[in-house]
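Some notes on the structure that comes next.
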Amino acid sequence: MNAPEKHSFQAEIQQLLNIVIHSLYTDKEIFVRELISNAADACEKLRFTQASGAAVHQAEIAPTISLTADDKAGTLTITDTGIGMTHDELVKNLGTIAHSGTKAFLKQLAEEKKPDVGLIGQFGVGFYAAFMAAKRVTVESRSASGEPAWVWTSEGAGGYEIAPAGGDVARGTKITLELKDEAKEFAEKSAIERIIKRYSSFVPFPIELNGDKVNTVQALWTRSKSEIKPEEYDEFYQFIGHDHETPLLRLHFNADAPLAIQSLLFVPQKNWETMGMGRVESEVNLYCRKVLIQAKSKGLFPEWLRFLKGVVDSEDLPLNISRETMQDTSLMQKLNKVLTTRFLKFLDETAEKEPETYEKFYAEYQRFLKEGIVTDFTHKEALGKLVRYESSHTEKGKTTSLADYVKRMSSEQKEIYCLMAPNREAAEASPYFEVFRERKFEVLFLYDAWDEFVMEHLREFDGKPLKSAEKADLNLDAPKKDGALDEATGKSLAEWLKSTLGDQINEVRVSQRLVDSPAVVVDADKFMTNSMRRMLKALKKDEDAVSPTKLDLEINPAHPIIVRLEAARHKDLAFAGDVAATILDQARVAAGVMEDPRALLKRMNTLLERVLA
Ligand code: ADP
Ligand code: MG
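For reference, each letter of the sequence shown is one residue, going 3 to 615 in this note's numbering.
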């Protein structure tokens, strides 16, 4: 037998190996992923060669991958029946720089404070990760070309040796790792099984471990949609989503431009955040050709889509990404934009085609959509299409989209109106609603404290401004009622009220929008509404948020109380003053900005005494 040939590694490879061998990297287990992914590549190459009609050695042997964890011997063996390597390929592939990746990887390792060896595979030097766990690596390989088998051996430092294997070796490659003492765990079957399940569940060739099949789930996302049964999707979801329920929504889509993406996304039945589980984390995993690159990938979707589960596979992941910088790369941003846009479009389509399913989704996840509107400018328009509200034109409990609202708008209506209220009854009884009821303008009823901010951020929909009903500059176009105060009298009463109420109020004016109520308070601040004040007060964000000087009082010149107050103030000034204060109090109560109701009670009592006298 010939003496083994001695080779030294190319300088960069040796440099890389020195780093890998002494690496304190905690996720050493990724070397298993790298070796399995090489084995899968070799199987893929074999399949390709066969498909192209070329003859291969031992064509009857199907491509498979098998591992043996031997805890007695302290070894791990990875065998594949793939394409194999000739003598020259062993030299070329496992000793010289095949790609520019090696240099790029070395550069990155040198630059980073905490070098991320985990990305080694992305740089095209995954094989060398074996030296994190092994003190000696033996590669026995027989090429599909039929060339006799060779054995490649290395202890990392000091190069490698190649010798003929001798005997009748089957086609493919067998890699034996003699594990370092501190890496003996990788000779445990259970440890290897866990690692395979984590990283290599979707490798498209059967993987056996000590004789048992390990990967049973297919990379469903790479198959054609028309061939996949709903049960298969559900099973897949349950596997990757760790959920025993079926998903509420599912989106399977492929794109070629601007990026090659294969993606399968799911929305769980339940929103786990409202289930008291705390903030959920996105469970969308990033794959590159079926091999896990990053679990729970950050940056793949905006934060407000963190309820999604699933898989994104892109072949376009470049070599020079690291876990920390992944979020910032323009590629990641592109992926994010494409995926988010597509998902929002999908929601819109679902709302159209399956309104009941969408309703269920909305009930669970509306908070996330609203969070998106408030925090993310990019997708505001698409999100605006997805919100739903009860309105004066819907039945109680039924909702409308903004698009449908706009369709119903008459030509004289220029704005979309919304009214914050605790519930439908309160909204309909609100003095702010009166003018809309009279003019038959639709008003959206917002019951969720968030909605005010949502409207603030949306600003407009379909070119129509969103306007708070409290702030709407609308007049009744009904003819003046009999007995109503004329303009001059109304004005002088307003002036008297201002002087009587003093700095409890900013301004008093005659209203053109009240029907049933004697008066309302309107925020003097153009951008503030009463409901916002209530919220600010609750949050104690603004000390004088409810300061009365910030309110304007509007009076209804046709209301009997106002008409009689005008008469009373010329007869009994003290009494009229009490009535004026009570009118203001009641308007504050109606607006929900009454600070201290006790003062109101005292005045009411005075008035009652007088009535009963
Ligand atoms: P990459 O897989 O990105 O090319 P690796 O360092 O993992 O980088 O592997 C280097 C090369 O070694 C591969 O491109 C392949 O040609 C060869 N190789 C590694 N493992 C095998 C195998 N099991 N069967 C055949 N060739 C292999
Ligand atoms: Mg590889």
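Backbone N, C-alpha and C define an ideal beta-carbon position, used for all residues, glycine too.
Keeping to the same chain, check which residues put their C-beta closer than 6 angstroms to that of residue 326; ignore five residues upstream and five downstream.
In this prediction, residue 326 scores a pLDDT of 45, lower than 50, which makes its location untrustworthy; the coordinate-derived value is nonetheless stated afterwards. Closer than 6 angstroms at the Cβ level, and outside the excluded window around residue 326, lies no residue.
What is the residue span of the beta strand (DSSP E) that residue 289 lies within?
285 to 290
Under 7 angstroms Cβ to Cβ from residue 571, same chain only, skipping five residues before and after it: list those, please.
498 and 578
Is residue 168 near the ligand MG, going by C-beta to nearest heavy atom under 6 angstroms?
no
Pick out every residue whose C-beta is nearer than 7 angstroms to a heavy atom of the ligand MG: which are they, in chain order?
36, 39, 40, 43, 123, 126, 128 and 129
Exposed or buried, which one is residue 131 when buried takes at least 16 other CB atoms within 10 Å?
buried
Which ranges does the beta strand (DSSP E) cover as unbroken runs of at least 3 residues, wholly within the segment 447 to 522, from first to last along the chain?
466 to 470 and 509 to 512
Assign residue 75 to one of two classes, buried (16 or more other C-beta atoms within 10 Å of its C-beta) or exposed (fewer than that).
exposed
Apart from the five residues just before and just after residue 212, which ones in its own chain have a Cβ nearer than 8 angstroms to its Cβ?
For residue 212, where only same-chain residues beyond five positions count, the Cβ hits under 8 angstroms are 69, 70, 71 and 191.
Taking 6 angstroms as the cut-off, is the CB of residue 175 close to at least one heavy atom of the ligand ADP?
yes
Between residue 134 and the ligand ADP, is the CB less than 6 angstroms from at least one heavy atom?
no
Nearest CA to the CA of residue 57: which residue from 173, 16 and 394?
173
What I want to know is whether the C-beta of residue 84 ends up closer than 6 angstroms to one or more non-hydrogen atoms of the ligand NAP.
This structure lacks the ligand NAP; its bound ligands are the ligand ADP and the ligand MG.
For a test of the three-state rule: what should DSSP assign to residue 614, helix, strand or coil?
helix
Thinking C-alpha only, which one of 189, 159, 157 and 143 is nearest residue 168?
With distances taken between Cα atoms, residue 168 lies closest to 143.
Return yes when at least one heavy atom of the ligand ADP lies under 6 angstroms from the C-beta of residue 411, else no.
no
Nearest-angstrom Cα distance between residue 507 and residue 496?
Each residue's Cα considered, the two are about 12 angstroms apart.
Given a threshold of 16 other Cβ atoms within 10 Å of its Cβ, counted over all protein chains shown, does residue 436 qualify as buried or as exposed?
buried
Bridge partners for residue 7 per DSSP, in chain order?
164
Check whether the Cβ atoms of residue 126 and residue 10 lie closer than 7 angstroms to each other.
no
Would residue 243 and residue 311 be called neighbours here (beta carbons separated by less than 7 angstroms)?
yes
Run the CB neighbour count on residue 29, radius 10 Å, all protein chains shown included, and call it buried at 16 or more, exposed below.
exposed
Would residue 459 pass as a contact of residue 376 if the rule is Cβ separation under 7 angstroms?
yes
Does the count of Cβ pairs from the segment 83 to 93 and the segment 24 to 44 closer than 8 angstroms reach three?
yes
Residue 392 lies in the beta strand (DSSP E); which residues open and close that run?
390 to 393
For the beta strand (DSSP E) containing residue 557, name the first residue and the last one.
553 to 557 is the extent of the beta strand (DSSP E) around residue 557.
Should residue 475 go down as buried or exposed, given a rule of 16 or more other Cβ atoms within 10 Å for buried?
exposed
The beta strand (DSSP E) that contains residue 296, what's its start and end?
293 to 296
Where do the ends of the beta strand (DSSP E) carrying residue 422 lie?
418 to 422
Pull up the distance between the alpha-carbon of residue 365 and that of residue 348, whole angstroms please.
17 angstroms
For residue 24, count neighbouring Cβ atoms within 10 angstroms of its own Cβ and tell me buried if that reaches 16, exposed if not.
exposed
Work out the CA separation of residue 419 and residue 454 for me, nearest whole Å.
If you take the alpha carbons of residue 454 and residue 419, they lie about 12 angstroms apart.
Check whether the Cβ atoms of residue 223 and residue 264 lie closer than 7 angstroms to each other.
yes
Secondary structure at residue 608, three-state DSSP: helix, strand or coil?
helix
Going by DSSP, name the residue or residues bridged to residue 215.
210
Would the beta-carbon of residue 256 be found less than 6 angstroms away from any heavy atom of the ligand ADP?
no
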